[in-house]
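Counting from 1, position 178 in the sequence shown corresponds to residue 748 in this note's numbering; the numbering is continuous, with no gaps. Each residue gets a CB set at the ideal place from its N, CA and C atoms; glycine is no exception.
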Amino acid sequence: MPSNHTSMGVTFIGCGAAVPETIVSNDDLAEVVDTSDEWISSRTGIRQRHLCHDRESLAGLATQAAQQALAMAGVAAVDVDLIVLATSSAEDLFGSACQIQARLGATKAVAFDLTAACSGFLFGVVTAAQFLRSGVYRNVLVIGADLLSRWVDWSDRNTCVLFGDGAGAVLMQGSGDGDRLLGFEIKSDGTQNACLNLAFKPELRELLPGAILTQGKYHYITMNGKEVYRFAINRVPDAIDKVIHQAQLTSTDIDWLILHQANQRIMDAVAERLHISAKKVISNVAKYGNTSAASIPIALNEAVRSGKIKPGDTIATSGFGAGLSWGAAILKWGK
Ligand code: UT7
571 MPSNHTSMGV
581 TFIGCGAAVP
591 ETIVSNDDLA
601 EVVDTSDEWI
611 SSRTGIRQRH
621 LCHDRESLAG
631 LATQAAQQAL
641 AMAGVAAVDV
651 DLIVLATSSA
661 EDLFGSACQI
671 QARLGATKAV
681 AFDLTAACSG
691 FLFGVVTAAQ
701 FLRSGVYRNV
711 LVIGADLLSR
721 WVDWSDRNTC
731 VLFGDGAGAV
741 LMQGSGDGDR
751 LLGFEIKSDG
761 TQNACLNLAF
771 KPELRELLPG
781 AILTQGKYHY
791 ITMNGKEVYR
801 FAINRVPDAI
811 DKVIHQAQLT
821 STDIDWLILH
831 QANQRIMDAV
841 AERLHISAKK
851 VISNVAKYGN
861 TSAASIPIAL
871 NEAVRSGKIK
881 PGDTIATSGF
891 GAGLSWGAAI
901 LKWGK
């Protein structure tokens, strides 16, 4: 039974990440579509991406990332109360989170998927925080995992060069000793929904006279890149500004900026608008491309494990993408 303490805070005490083995460079992609390393790297900063092969799976990568996060946090799988899997590419439309629960042996945990595209990890963190702050749960795994290579049209150079596959995870723990989630904002604007979709494509089937059903498949990813770019460079700085203010900080108090890794130009523009030095921007988009819900925890994990991010550091983070949706949070790393 959940306990019911109040006035609990949130801490971020473990992280992990896993990416597929296969690396595909920009030059490799130039053999598939009419593109070049020069175009991709100058427009996006991406140089390569990891793509999933048939022996790898979303649940497998997500489980590896989660195991690393648990090990860093020193929390046993059986002590996890909740698993939130942020994904838009579940292997089962009924949800993939329970497969991860089983693989981890997190027997006590309730597990569910959360779909908010590239904002999914941030939305997951905010969702988890509500359960932790209310005291209902103590240990929550938030996983961001996506295999968008399965849903990209590999003949569409506008989108196929952008995405990569991967998974990242954090272990969030309730704490009676302060709250390390200093501010957050999550937003949606469905009026711009048509800018970025992975939509169901119905095919009509007459089951009985007069009973026409729609059965079909999911369409490939479609995106209006320019609109999404414009949206990101406008909305993201505003959202971060707001949460910095909410946390009663100024931009000089931010040690690290971790944005959704979609495009280096977006990261540079946002940092500039916020007057945050380029040295504080965590970026690995060159190595992984846009891994959707996984991009923030993969970047966080690399920065923590390389010793860049240290306990007590203040991180501003922001996710944005399909929905359209976006959000930002300020957090302090560690206990
Ligand atoms: O995670 C979800 C969030 N998604 C994003 O954040 C994506 C945001 N958008 C972007 O990052 C950029 O808009 C892109 C990287 C997608 C595109 O960059 P752009 O500078 O906006 O390029 P564009 O779409 O205006 O295309 C410029 C030209 C076009 O040719 P014309 O019409 O000017 O002759 C495209 O056909 O570049 C062409 N092009 C390419 N050329 C070589 C588009 N894709 C490619 C390609 N290789 N892969």
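Using a threshold of 9 Å, state whether the C-beta atoms of L827 and V813 are closer than that.
The answer is no: Cβ separation not under 9 Å.
Proximity test, A839 beta-carbon vs ligand 1 heavy atom, cut-off 8 Å
In this structure, the C-beta of A839 stays at least 8 Å away from each heavy atom of ligand 1.
Where does R835 fall in DSSP's three states?
Judged by DSSP in its simplified three-state form, R835 adopts helix.
Got a sec? Which residues, its chain only, sit under 7 Å from A856 by beta carbon, not counting five neighbours each side?
Excluding sequence neighbours, A856 sits near G615, I616, R617.
Ligand 1 and V602: does any heavy atom of the ligand fall closer than 8 Å to the residue's C-beta?
No, since every heavy atom of ligand 1 falls outside the 8 Å radius drawn around the Cβ of V602.
Name the one or two DSSP bridge partners that C622 has.
Partner(s): none; C622 has no beta bridge.
Once DSSP output is grouped into helix, strand and coil, what is the label at R708?
If DSSP states are grouped into helix, strand and coil, R708 belongs with coil.
Which residue wins for smallest C-alpha separation from R805, given the options L628, S895, L684?
Checked all of L628, S895, L684; the closest Cα to R805 is S895.
Provide the residue(s) that pair with C534 in DSSP beta bridges, ordered along the chain.
The structure shown does not extend to residue 534, since the chain is modelled only from 571 through 905, so no value can be given for it.
Starting from P772, trace the beta strand (DSSP E) both ways and give me its first and last residue.
Start and end: 770–778.
Per DSSP, what kind of secondary structure is M642 in: helix, strand or coil?
In this structure, M642 counts as helix in the three-state DSSP scheme.
Does the Cβ of S862 lie closer than 8 Å to at least one heavy atom of ligand 1?
Answer for S862: yes, Cβ within range of ligand 1.
Consult DSSP for D598 and reduce its assignment to one of helix, strand or coil.
Under the three-state reduction of DSSP output, D598 falls in the helix class.
Distance cut-off 8 Å: W903 Cβ against heavy atoms of ligand 3:
This structure simply doesn't include ligand 3; it includes ligand 1 instead.
Output yes if chain B places a C-beta closer than 9 Å to the C-beta of C585; else output no.
Of the chains in the structure shown, none is chain B; there is only one protein chain.
Cutoff 7 Å; reference R708; Cβ partners in own chain excluding five residues on either side
For R708, where only same-chain residues beyond five positions count, the Cβ hits under 7 Å are D651, Q743, G744.
Run of the beta strand (DSSP E) containing S758, from where it starts to where it stops:
Element bounds for S758: 751–758.
Specify, as a first and last residue, the run of the alpha helix (DSSP H) that V695 falls within.
It spans 690–703 - the alpha helix (DSSP H) in which V695 sits, taken as one unbroken run.
Pop quiz: G694 and A656 are said to be a contact at Cβ under 8 Å. What is the actual Cβ separation, rounded to whole angstroms?
Yes, they are in contact, since the Cβ atoms of G694 and A656 sit about 4 Å apart, within 8 Å.
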